[in-house]
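Written out below as structure tokens is the structure these notes cover.
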Ligand code: C2E
Ligand code: MG
Ligand code: MG
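Numbering (the working numbering), first residue to last: 3 to 603.
Structure, rendered in structure tokens:
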């Protein structure tokens, strides 16, 4: 301690030098590892100046030599941050640190302290390795200050050695953060892209494929077992993926995000299947009571992709599209092909044109009458959207509704349809035409918006349409997602005297469950979901049971897709009354519907 005090005094006389050195050190440091408690304790001790404290904590060693007086000052006195010969410092300052410098860095160090011919004060910096104990070196940031006095004489030289290992560690850590996924320690997508391009460039004679994989129902696994178990599964998959790839010669891999991983490997299907099998088998052994089914999408990289240098992420996306389009429960491997490419292209076109189409009134209402099979009279209709494209003509909703459902645009279309329907009914009422209920389809992606009821009410009120003239069709598949929330919406619609239909009843997996949990007014069954023909006993039984079920629950029933007299006869025999189908009417433009209604009157 006493020794330090003396040095402190000397250093206080040279405050400006020390502050300048500290300024350089702090400016060049990214992290200073100072524990607050430690600092406070030392400050209270008053044995160290603030400057010394900082030098101590930045692991800095300073040596100052005056050419004029031959006086040498060093801090800390014992120079414990570096390994050097104290004695040689007194006798030969210029060369004293040569042995401290790692051999390979010596030329640089020599250059650094060579001031021959220098006529003004200068400062130089460099990163150099110094021995901290014999045989062990660490990185140091070296600042050299060389002073020339007013008469142009050399005055003094100050060397400051700051240990840079901590910064390097921090830089290394930061670097790994941007190149590696922190959960699995696998390369992240950026690294994967880079490495994949390297691979393609270095071995252009080979053919490659991107294999994208994820765990089916991973969200459920997280819900059942918690996210930390989910993380364990992902780490496990990361390790297994690396092990499985070991058998391959050339490859790259990464953890993209969530449960998604990707590899680039030989496009040889045998090799791909071997890797896939091996990953699936490994996952089967994960000790958890959950069916760990992996799904794989494959994209074969083409020469054109290489020439055009399409981003690796796009290739991974294409593998994902193959997965989405082709994978089903039985089929766990899907390869992106021309058909999918065409579909993707068509989808892209639809997406590019949709906003303009809505703005320029290209969406139109077609109405398909619902008919009382006993009397043959129209009792209402369903509004079905048609995209009337200026060059492509009439586009069926089957070709765009699923795309709009995927990107959320369907809510705009549904509300546009609702508004057009309200306008149409308003016109009927104003003109004294017969107004029968019209049902509007609400896509399931719409149903979870908190604004939906408000939006519906605002729209219907704007045209003062009586609520019993509007019905809402909600497809059965929507019901499986969040029945509690959906039921609230349906009850509110019913409270406001709108009738609610369950569309496509029987098409999903949980029809009966949905019926138990949700209050609907009308069941709408598509005949294609019933195996109906005249001499099929089992179909008879199914149809009869559904009819009785609706009856006992007090629900009305509409059968859609009725195409033949035979189907109509059978339905009537079972007690069904309302039908919608080509046998009676096809969907038609509004004016035609008005004409048909007028004729019926
Ligand atoms: P959906 O709501 O179940 O509509 C019934 C579909 O069956 C209509 O097809 C209709 O033209 C067709 N159809 C009616 N009778 C027969 C028949 O006898 N035989 C056959 N084979 N088909 C018949 P469309 O108009 O092509 O609509 C298809 C689906 O697109 C609709 O099924 C609905 O899910 C959706 N969609 C249509 N318009 C809209 C809309 O404005 N909003 C939303 N969200 N979806 C809509
Ligand atoms: Mg419908
Ligand atoms: Mg339907």
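Positions of the beta carbon are idealized from the N, C-alpha and C atoms, including for glycine. Here the structure is a predicted model, which is why all the values come from computation and not from measurement.
Where residue 375 is concerned, there is no enclosing beta strand (DSSP E), because DSSP gives it neither an H nor an E. Going by beta carbons, residue 385 and residue 467 fall outside the 9 Å limit. Just so you know, the alpha carbons of residue 117 and residue 158 end up roughly 12 Å apart. Taking the Cα positions, residue 101 is about 9 Å away from residue 85. Distances from the CB of residue 560 to the heavy atoms of ligand 1 are all 8 Å or more. By the criterion of at least three beta-carbon pairs nearer than 8 Å, the stretch 222 to 232 is not in contact with the stretch 150 to 169. Every alpha helix (DSSP H) stretch that sits fully inside the stretch 207 to 259 and reaches 4 residues is listed by chain position as 220 to 227 and 229 to 247. Residue state for residue 353 is assigned as helix, using DSSP reduced to three classes. Contact annotation: the stretch 207 to 220 touches the stretch 253 to 266, with at least three C-beta pairs closer than 8 Å. At a threshold of 8 Å, residue 445 counts as near ligand 1, since its beta carbon sits closer than that to one of the ligand's heavy atoms. When 576, 243, 355 and 583 are compared, the shortest CA-CA separation from residue 277 is found for 243. Distance from the C-beta of residue 528 to the nearest heavy atom of ligand 3 is below 8 Å. In this structure, residue 548 sits away from residue 581, with a CB-CB distance that is not shorter than 9 Å. Secondary-structure assignment with DSSP links residue 382 through a beta bridge to 372.
When DSSP states are grouped into helix, strand and coil, residue 155 belongs to the coil group. In this structure, residue 440 has its beta carbon at no less than 8 Å from each heavy atom of ligand 1. Distance from the C-beta of residue 304 to the nearest heavy atom of ligand 3 is not below 8 Å. Looking at the DSSP output, residue 526 bridges to 560. Distance from the Cα of residue 170 is smallest, within the candidate group 525, 141 and 150, for 141. Checking the DSSP bridge columns, you'll see residue 264 partnered with 214 and 256.
DSSP places residue 317 within a helical segment (H, G or I) once states are collapsed to three.
Residue 238 has its alpha-carbon roughly 47 Å from the corresponding atom of residue 503.
Residue 161 is bridged by DSSP to 65 and 146. Scanning 259, 572 and 550 for the CA closest to the CA of residue 538 turns up 572. In this structure, residue 584 has its CB closer than 8 Å to one or more heavy atoms of ligand 1. Non-local beta-carbon contacts of residue 585 in its own chain, meaning distances under 8 Å to residues more than five positions away in sequence, involve 564, 565, 566, 567, 569 and 570 in chain order.
Secondary structure within the stretch 378 to 461: the alpha helix (DSSP H) runs of 4 or more consecutive residues, fully enclosed, are 403 to 409 and 412 to 433 (chain order).
The stretch 389 to 404 makes no contact with the stretch 423 to 439, as fewer than three CB pairs between them are under 8 Å.
Taking the Cα positions, residue 93 is about 14 Å away from residue 65. When secondary structure is reduced to three states using DSSP, residue 299 falls in the strand class. Taking the Cβ atoms as the reference, residue 491 lies roughly 6 Å from residue 449, within the contact range of under 8 Å.
In this structure, residue 507 places its C-beta atom within 9 Å of the C-beta atom of residue 527. Inclusion of residue 114 and residue 126 in the CB contact set at 9 Å is warranted, their separation being smaller than that value. Counting along the chain, residue 76 sits inside the beta strand (DSSP E) bounded by residues 74 to 77. Our two residues, residue 104 and residue 119, have alpha carbons roughly 27 Å apart in a direct line. DSSP places residue 191 within a helical segment (H, G or I) once states are collapsed to three.
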